[in-house]
Every structure is written in structure tokens, then in C-alpha cells.
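Protein chains: 2
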Amino acid sequence: MEQKQKSELTKELILNESFKLFYKEGFKTTSVDKIMKATKLTKGAFYHHYKSKKELGLEVISTKIQKRVYDGMITPLYQDGNALKLLETTFSGRIKSFSLYDKQHGCPMNNFINEIADEEEAYQIALKRIIEEWKAALIHLLERGKLENSINKDISSNAVAIYLISAFEGIRGIRKLYNDDQVIDDYILGLSLYLKQLEP
Amino acid sequence: MEQKQKSELTKELILNESFKLFYKEGFKTTSVDKIMKATKLTKGAFYHHYKSKKELGLEVISTKIQKRVYDGMITPLYQDGNALKLLETTFSGRIKSFSLYDKQHGCPMNNFINEIADEEEAYQIALKRIIEEWKAALIHLLERGKLENSINKDISSNAVAIYLISAFEGIRGIRKLYNDDQVIDDYILGLSLYLKQLEP
DNA sequence: AAAATAAAATACTAAGTAGTATGTTTTTGT
DNA sequence: ACAAAAACATACTACTTAGTATTTTATTTT
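Right, here's the structure in full:
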């Protein structure tokens with residue numbers, strides 16, 4: 001069983017270095033050579049574990065990126081407490097928590113979406129899965145809020161969920177253009193204004 | 001003066017084909033060779049008119065992409081009429097007007113932002129210029145609305161402008177993941193809900 | 001019409017690309 | 001301890017990349 005563990009460890013190493021490099025330099029412009037140089041292994045090791053760069057890309061999406069979005073934006077939505085407050089703290093808190101590096105490089109998922117989603121259906125599907133889970137969590141929370149009378153019953157949970165996600169992903173891109181947090185502060189203000197109107 | 005015209009025409013041809021290819025396949029993965037094959041000219045012609053691919057990229061941003069955003073999203077904001085209605089028709093109308101191709105490939109500006117804005121300051125500056133103009137137009141319209149009592153004086157024009165832009169750019173990316181317009185319809189609903197709250 | 005200049009073509013370089021073929025080393029089951 | 005298999009290394013292929021050097025063709029200026 002030691003060999004299997006070692007194999008898993010190597011795959012994880014490749015996955016980690018890939019994610020870092022894809023995030024920093026983009027998927028298409030990060031070569032397999034560069035990745036393997038980062039792992040201090042060789043190309044032979046790579047093609048022993050992965051059949052292609054595409055397969056690696058899909059695995060980075062379905063593990064690393066998925067986990068990042070889950071931990072940061074989805075799991076928190078299933079906490080207890082006032083629905084509206086939960087939305088505010090999750091979105092606002094998350095964006096405030098980003099490091100400078102993360103602000104400068106945007107959202108890893110959004111980068112993937114905009115770089116390669118229109119090129120291969122497989123990427124599209126893998127990324128859509130994450131968005132759908134995020135959307136479902138938001139809808140679930142909004143519906144709970146409606147039941148508990150903390151959210152206006154007349155609004156469309158679907159529409160609000162999509163609008164929240166869009167604005168969040170959008171600002172992660174826009175922020176790349178600036179050298180300060182003004183746009184993020186504006187976003188946070190815009191968000192809280194938006195959420196206020198969801199009150200009953 | 002005929003030579004100068006011919007030169008201009010060639011540059012425009014290169015610019016047009018570049019824009020199309022960058023939009024379809026991304027900036028970094030579109031080679032100069034591919035572009036010149038599309039123009040039916042040769043590499044010699046390219047490097048006679050542009051000193052590098054980077055220079056071309058910057059010119060595509062400051063001409064083609066800028067014009068696209070101006071025509072579609074900025075100029076319409078300076079029309080007469082109720083400010084809130086103008087916002088609704090501009091945003092909602094624009095997104096409804098996109099061809100299937102444009103929906104599948106997202107926003108050319110947003111693609112550039114997410115693909116290369118964090119790599120070169122020059123790209124950052126060129127793209128930021130467009131966003132700033134867009135933001136200024138929105139703020140101007142919102143302030144006019146406040147004066148004319150069609151928009152709530154208590155809201156921050158800055159924050160609303162950024163939130164509108166973020167959500168719009170965000171949805172252009174998200175739409176790439178889907179094969180139908182459901183998310184766009186949700187976005188439009190979310191937008192109109194958002195705009196409603198701007199009323200005095 | 002000749003000289004000068006601009007536009008474009010041809011042929012190249014040096015470096016990078018994904019992926020393969022064939023080794024060697026390490027681990028595992030017997 | 002030994003054969004089999006898994007993990008990894010080395011060396012390669014065929015192709016693409018941005019950019020350059022040099023030449024040919026078209027246009028303008030004198």
C-alpha cells in the first residue's frame with residue numbers, strides 16, 4: 001500500500017503546482033515542462049500519471065478550484081442564522097479576506113471560464129458544475145430566508161442568485177486593472193445596497 | 001498620398017483579423033502567423049507595421065475593443081429621457097441583442113481582462129481606461145437622475161456604477177458555460193430588480 | 001527616368017510546445 | 001530472492017512560436 005500512497009502524493013504535488021502556475025500565468029501558457037520543473041520531477045512522471053494536459057486541467061478544476069469555491073463561498077451559506085446577514089458576511093467577508101496576490105490575479109475559476117470555457121465542452125461542463133452548486137446553495141438559503149420571513153417572498157431566488165454570482169465574479173476581474181481597493185469598496189457598498197432590497 | 005492610405009488599410013486589415021481571432025481563440029494563443037494567414041499577407045508585412053505582438057494587442061484594445069464598448073454601452077447612456085429607463089434599456093437591450101456567437105465567446109474586453117490584465121501593466125492601463133469611461137458615463141447618468149428626481153439621492157453613484165458593470169461582465173463569462181439563455185434571463189430579472197431599488 | 005523610400009515577401013533563428021519511446025530504478029507480490 | 005509491475009528519468013520527435021535579416025516589389029520624390 002506504500003506505492004499507492006506515493007503515487008497519490010505525486011499526483012497531488014503535480015496538482016498543487018499546476019494550480020499555482022495556472023492561477024499565476026494562465027492555463028494555456030503554462031507548459032507541462034514548467035509544471036514538472038516546479039515539482040522537480042520529469043516529464044516521464046507526468047505522462048505516467050496523466051494522459052494529457054487536458055486531463056490535468058480538468059482535474060485541477062474538479063478538485064482544486066472546486067474546493068476553493070466550496071470552502072470560500074458555498075459551505076458558509078449552509079450555516080445557521082439570518083439569511084440576509086449570512087449573504088452579506090459571506091460575500092463581503094470573502095472579498096475582504098483576499099490577499100493582494102489574490103486580488104491581482106482574480107478568481108481562478110473565473111480565469112478558467114474566460115480563458116478556456118468556449119474552447120472545449122469538457123471544461124465547460126466541469127466549470128458549470130461548480131457554478132450550479134454555488135447557485136443551488138444560494139437559492140436554498142434564499143428560500144429558507146423567505147420561509148423565515150427574513151427575505152422578501154416576491155423576489156426570484158434564481159435571479160438573485162445569478163446576479164450575486166455575476167457581480168462577484170465580475171469584480172474579481174475588474175479589480176485586476178487597479179492598484180488599490182477602491183473598486184472593491186464600491187462593490188461592497190453596491191452589494192449591501194442590493195441585499196437591503198431583498199428584505200421583506 | 002496613396003501609399004499612406006494603403007498602409008492604413010493594411011493596418012486596419014491586420015487589426016480587424018486580430019480582433020476576430022483574439023475574440024475567438026484568445027490573445028496568447030493566437031499567433032502572428034495565424035493572423036497574417038487570415039489577412040493573406042506575410043509576416044514581413046506585419047513587422048513592417050507593428051514592432052511586436054504586444055503593440056498590436058494594445059492597439060486592438062484601444063481601438064476595436066474600446067469602440068465596441070463605447071457603441072454598445074457608453075454612448076447610449078448619454079441619450080435623453082428617464083435615467084432609470086435608460087439604464088434598463090441599455091443593459092437589458094444590449095445583452096438581448098448579442099448573437100449566439102457573442103454569447104458563446106463572452107465579452108472581448110472581459111476576456112482580455114481575465115487573460116492578460118495581470119501580466120503587463122500596459123494592458124492593465126489600456127483596459128482600465130475603457131472601464132473608467134464606462135463608469136464615468138454611468139455616474140453622470142445617475143447624478144442626472146438624482147437631479148431630475150428619478151433616482152434616489154441616497155445611493156452612491158460610484159457603488160451602483162461598479163455593481164452594474166461587475167454584474168454585466170460577470171454574466172458574460174458565466175453564459176459561456178451554458179447552452180441556453182436561462183442564466184441571461186435570470187440576469188435580466190436580477191438587473192431589473194436591482195434597478196427598481198434605485199427609485200427615489 | 002533615376003534615386004530614394006515605403007510596403008511586402010522569403011527565408012531564417014533560437015526557443016518553446018505536447019506528446020512518445022525507451023530506458024532505469026523502486027516497490028510489490030510470490 | 002526473484003519476477004512482475006509501477007514509478008520515474010532520459011532522450012527524442014514533429015511542430016509552433018515571436019522575432020530578425022535580407023531581398024523583392026511598388027510607390028513617391030526629385
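Line by line, the protein sequences are chains U and H.
For the first sequence, position 98 (counting from the first letter as 1) is numbered 98 according to my numbering, and the numbering increases by one without interruption.
For the second sequence, position 140 (counting from the first letter as 1) is numbered 140 according to my numbering, and the numbering increases by one without interruption.
Don't be surprised by glycine CBs; every beta carbon is placed ideally from N, CA and C.
Query raised in the report: Quick one: what does DSSP say Asn149(H) is sitting in, helix, strand or coil?
Result: Residue 149(H) sits at position 149 when you count from the first residue of the second sequence. In the structure shown, Asn149(H) sits in coil (DSSP, three-state: anything other than H, G, I, E or B).
Requested in this report: Please confirm if the stretch 167-178 of chain U is in contact with the stretch 149-161 of chain H, defined as three or more CB-CB distances below 8 Å between the two stretches.
Outcome: no
Query raised in the report: Which residue's Cα is closest to the Cα of Thr63(U): Asn16(U), Thr42(U), Arg172(U)?
Result: Reading the first sequence from its first residue, position 63 is the one you call residue 63(U). Checked all of Asn16(U), Thr42(U), Arg172(U); the closest Cα to Thr63(U) is Asn16(U).
Requested in this report: For the alpha helix (DSSP H) containing Asp33(U), list its first residue and its last residue.
Outcome: Here residue 33(U) refers to the residue found at position 33 of the first sequence. Where Asp33(U) is concerned, the enclosing alpha helix (DSSP H) stretches over 32-39.
**Report entry** Continuous alpha helix (DSSP H) stretch holding Gly26(U): start and end
**Finding:** Taking the first residue of the first sequence as 1, we reach residue 26(U) at position 26. From DSSP, Gly26(U) is part of no alpha helix (DSSP H); its letter is neither H nor E.
Query raised in the report: So, helix, strand or coil for Asn16(U), using DSSP?
Result: Numbered from 1 along the first sequence, position 16 holds the residue referred to as residue 16(U). Asn16(U): helix per DSSP, three-state reduction.
Requested in this report: Check whether the Cβ atoms of Gly106(H) and Asn114(U) sit closer than 9 Å, and answer yes or no.
Outcome: Counting from one through the second sequence, the residue named residue 106(H) turns up at place 106. Counting from one through the first sequence, the residue named residue 114(U) turns up at place 114. Cβ atoms of Gly106(H) and Asn114(U): closer than 9 Å.
Query raised in the report: Can you check whether the CB of Tyr187(H) is closer than 9 Å to the CB of Ile171(H)?
Result: Stepping through the second sequence from its first residue, residue 171(H) is reached at position 171. Stepping through the second sequence from its first residue, residue 187(H) is reached at position 187. Their beta carbons are under 9 Å apart, which means Ile171(H) touches Tyr187(H) by this criterion.
Query raised in the report: According to the Cβ coordinates, are Leu84(U) and Leu191(U) closer than 9 Å?
Result: Mapped onto the first sequence, residue 84(U) falls at position 84. Mapped onto the first sequence, residue 191(U) falls at position 191. Not in contact: Leu84(U) and Leu191(U) (Cβ atoms no closer than 9 Å).
Query raised in the report: Which class does Gly57(H) belong to by DSSP, given the choice of helix, strand or coil?
Result: Residue 57(H) sits at position 57 when you count from the first residue of the second sequence. In the structure shown, Gly57(H) sits in a helix (DSSP, three-state: H, G or I).
Query raised in the report: In the structure shown, what three-state DSSP assignment does Thr89(U) receive?
Result: By 1-based counting over the first sequence, the position of residue 89(U) is 89. Note: Thr89(U) maps to helix in three-state DSSP.
Report task. Please report the residue range of the alpha helix (DSSP H) in which Ser184(H) lies. Result -> One-based indexing of the second sequence puts residue 184(H) at position 184. In the sequence under discussion, the amino acid at residue 184(H) is Ile, which differs from the Ser named in the question. That run of the alpha helix (DSSP H) goes 182-196.
Query raised in the report: Quick check: the stretch 57-74 of chain H against the stretch 128-140 of chain H, are there 3 or more CB pairs under 8 Å?
Result: yes
Query raised in the report: Counting Cβ pairs, one atom from each stretch, are 3 or more of them under 8 Å apart for the stretch 26-45 of chain U and the stretch 88-108 of chain U?
Result: no
Query raised in the report: Buried or exposed: Tyr78(H), going by 16 or more other Cβ atoms within 10 Å of its Cβ?
Result: Position 78 of the second sequence, counted from the start, is the residue given in the question as residue 78(H). When all chains shown are included, Tyr78(H) counts as exposed.
Query raised in the report: Between the beta-carbon of Met109(H) and the beta-carbon of Glu148(H), is there less than 9 Å?
Result: Here residue 109(H) refers to the residue found at position 109 of the second sequence. Here residue 148(H) refers to the residue found at position 148 of the second sequence. No, the pair does not count as a contact, with Cβ atoms beyond the cut-off.
Query raised in the report: For Lys146(H), which of Asn82(H), Gln182(H), Glu121(H) has the nearest alpha-carbon?
Result: Residue 146(H) sits at position 146 when you count from the first residue of the second sequence. Comparing Cα-Cα distances from Lys146(H) to each of Asn82(H), Gln182(H), Glu121(H), the minimum goes to Asn82(H).
**Report entry** Residue-chain proximity (Val160(H), chain U), Cβ-Cβ < 9 Å
**Finding:** Indexing the second sequence from 1 puts residue 160(H) at position 160. By this cut-off, Val160(H) is an interface position.
Query raised in the report: Would you report the Cα separation of Phe91(U) and Ser166(U), rounded to the nearest angstrom?
Result: If you number the first sequence from 1, residue 91(U) lands on position 91. If you number the first sequence from 1, residue 166(U) lands on position 166. Spanning the two alpha carbons is a distance of roughly 12 Å.
Query raised in the report: What is the DSSP secondary structure of Gln66(H), counted as helix, strand or coil?
Result: In the second sequence, residue 66(H) corresponds to position 66, counting from 1. Looking at Gln66(H) - three-state DSSP - the assignment turns out to be helix.
Query - Minimum Cβ-Cβ distance from Val32(H) to chain U less than 9 Å - result: Reading the second sequence from its first residue, position 32 is the one you call residue 32(H). Closer than 9 Å: no.
Query raised in the report: Does any C-beta atom of chain H lie closer than 9 Å to the C-beta of Asp118(U)?
Result: The count along the first sequence starts at 1 and reaches residue 118(U) at position 118. For Asp118(U), the answer is yes, since a Cβ of chain H falls inside 9 Å of its Cβ.
Query raised in the report: Which chain U residues sit within Cβ distance under 9 Å of Gln197(H)?
Result: For the purposes of this step, residue 197(H) is taken as the residue at position 197 of the second sequence. Leu193, Tyr194, Lys196, Gln197, listed in chain order.
Requested in this report: With DSSP as the reference, label Ile155(H) as helix, strand or coil.
Outcome: Walking along the second sequence from the start, residue 155(H) turns up at place 155. Three-state result, Ile155(H): coil.
Requested in this report: Just tell me which of Ile162(U), Gly44(U), Asp118(U), Val60(U) has its CA closest to the CA of Ser18(U).
Outcome: Taking the first sequence and counting its residues from 1, the one referred to as residue 18(U) is at position 18. When each option's Cα is compared against that of Ser18(U), the closest is Val60(U).
Report task. Quick one: grab the DSSP three-state call for Thr42(H). Result -> Taking the first residue of the second sequence as position 1, residue 42(H) is located at position 42. Looking at Thr42(H) - three-state DSSP - the assignment turns out to be coil, as it is neither helix nor strand.
Query raised in the report: Using DSSP with H/G/I as helix, E/B as strand and the rest coil, what is Glu143(U)?
Result: Residue 143(U) sits at position 143 when you count from the first residue of the first sequence. Correct three-state label for Glu143(U): helix.
**Report entry** N- and C-terminal bounds of the alpha helix (DSSP H) containing Asn82(H)
**Finding:** Residue mapping note: residue 82(H) aligns to position 82 of the second sequence, counting from 1. Careful: Asn82(H) lies outside any alpha helix (DSSP H) and carries neither H nor E.
Report task. Examine the ligand COA and report whether any of its heavy atoms sits within less than 8 Å of the Cβ of Tyr101(U). Result -> The ligand content of the structure shown is nil, which means the ligand COA is not present either.
Query - Integer Cβ distance of Ile162(H) from Lys196(H), believed to fall under 8 Å - result: Indexing the second sequence from 1 puts residue 162(H) at position 162. Indexing the second sequence from 1 puts residue 196(H) at position 196. With a Cβ gap of about 19 Å, Ile162(H) and Lys196(H) do not count as contacting.
Query raised in the report: If you check the beta carbons only, do Ala122(U) and Lys53(U) fall under 9 Å apart?
Result: The count along the first sequence starts at 1 and reaches residue 122(U) at position 122. The count along the first sequence starts at 1 and reaches residue 53(U) at position 53. Contact: no.
Query raised in the report: CA-CA distance, Gly26(U) and Thr29(H)?
Result: The residue you call residue 26(U) lines up with position 26 of the first sequence. The residue you call residue 29(H) lines up with position 29 of the second sequence. Going by the C-alpha atoms only, they are around 11 Å apart.
Query - Separation of Lys4(H) from Val69(U), as counted between CA atoms - result: Here residue 69(U) is taken as the residue at index 69 of the first sequence, counted from 1. Here residue 4(H) is taken as the residue at index 4 of the second sequence, counted from 1. Between Val69(U) and Lys4(H), the C-alpha separation is close to 53 Å.
Report task. For Leu13(H), decide whether its Cβ has a neighbour in chain U, counting only Cβ atoms nearer than 9 Å. Result -> In the second sequence, residue 13(H) corresponds to position 13, counting from 1. No, because no Cβ of chain U sits closer than 9 Å to the Cβ of Leu13(H).
Query raised in the report: What are the start and end residues of the alpha helix (DSSP H) that includes Pro76(H)?
Result: As a working mapping, residue 76(H) is identified with position 76 in the second sequence. Looking at the DSSP string, Pro76(H) is not in any alpha helix (DSSP H), and its letter there is neither H nor E.
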